[in-house]
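7 is the number of the first residue of the sequence shown in this note's numbering; add one for each residue after it. Reading through the structure tokens given below for one structure.
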Amino acid sequence: MAKILIFDDFLFEPITFVDVPFRGTELLERRWICLPVYPQRYYDFKPMTKPQSIEFNTIDIRIERFRRDHEAYGIQESLLGFTSRDDLARLLIPSWLPGQKGAVNELMMQNDRLTEMIMRVLR
Numbered sequence: 007m008a009k010i011l012i013f014d015d016f017l018f019e020p021i022t023f024v025d026v027p028f029r030g031t032e033l034l035e036r037r038w039i040c041l042p043v044y045p046q047r048y049y050d051f052k053p054m055t056k057p058q059s060i061e062f063n064t065i066d067i068r069i070e071r072f073r074r075d076h077e078a079y080g081i082q083e084s085l086l087g088f089t090s091r092d093d094l095a096r097l098l099i100p101s102w103l104p105g106q107k108g109a110v111n112e113l114m115m116q117n118d119r120l121t122e123m124i125m126r127v128l129r
């Protein structure tokens with residue numbers, strides 16, 4: 007699995023940092039990838055009477071190689087992604103930096119517990 011930083015294609019502004027289900031060499035060979043963008047998680051307060059399918063959009067991302075020659079470290083390479091759909095790119099699940107993962111996971115667990123408690127009260 008590779009990590010790429012996704013930029014807005016027009017403004018060249020960073021949008022998000024994500025994990026993609028490809029290795030770096032595969033990304034360079036493909037040059038384009040299409041990722042699913044799932045809707046934000048929501049809770050329906052009515053009991054489900056029939057199974058519902060999950061609808062999602064897709065986002066096309068162009069992959070480019072970034073290279074720089076650093077005095078101390080030599081040549082460094084990274085892969086960057088570019089998209090014209092910055093609105094959908096903002097909905098992708100971000101890949102948190104190592105120092106952020108613990109705090110983010112804890113907040114997500116607390117949010118899930120709180121949501122479950124609210125759902126139990128409303129039923």
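Positions of the beta carbon are idealized from the N, C-alpha and C atoms, including for glycine. Remember, predicted model here, so these are calculated numbers, not experimental data.
Cβ-Cβ distance between residue i and residue j below 8 Å
{"i": "aspartate 15", "j": "serine 101", "result": "no"}
{"i": "arginine 96", "j": "leucine 85", "result": "no"}
For residue j and residue i, believed in contact at Cβ under 8 Å, the rounded distance
{"i": "asparagine 117", "j": "leucine 94", "result": "Contact doesn't hold; Cβ gap of about 23 Å is too wide."}
Length of the line joining the Cα atoms of residue i and residue j
{"i": "glutamate 77", "j": "isoleucine 65", "result": "37 Å"}
{"i": "valine 110", "j": "glutamate 35", "result": "33 Å"}
{"i": "methionine 125", "j": "leucine 113", "result": "18 Å"}
{"i": "isoleucine 12", "j": "isoleucine 39", "result": "12 Å"}
{"i": "isoleucine 69", "j": "glutamate 32", "result": "10 Å"}
{"i": "isoleucine 81", "j": "proline 20", "result": "22 Å"}
{"i": "phenylalanine 18", "j": "arginine 129", "result": "47 Å"}
{"i": "arginine 29", "j": "leucine 120", "result": "37 Å"}
{"i": "proline 53", "j": "glycine 105", "result": "For proline 53, the predicted structure reports a pLDDT of 46, less than 50, and the residue's modelled location is therefore unreliable. A value from the coordinates is still provided. Each residue's Cα considered, the two are about 39 Å apart."}
{"i": "tyrosine 44", "j": "aspartate 75", "result": "38 Å"}
{"i": "isoleucine 10", "j": "lysine 107", "result": "17 Å"}
{"i": "arginine 6", "j": "methionine 123", "result": "This structure does not reach residue 6, given that the chain is present from 7 up to 129, and the question cannot be answered."}
Cutoff 8 Å: residue i Cβ touching any chain C Cβ
{"i": "isoleucine 81", "result": "Of the protein chains in this structure there is only one, and it is not chain C."}
Ignoring anything shorter than 3 residues or poking outside the stretch 65-89, list the beta strand (DSSP E) runs there in chain order. 80-89
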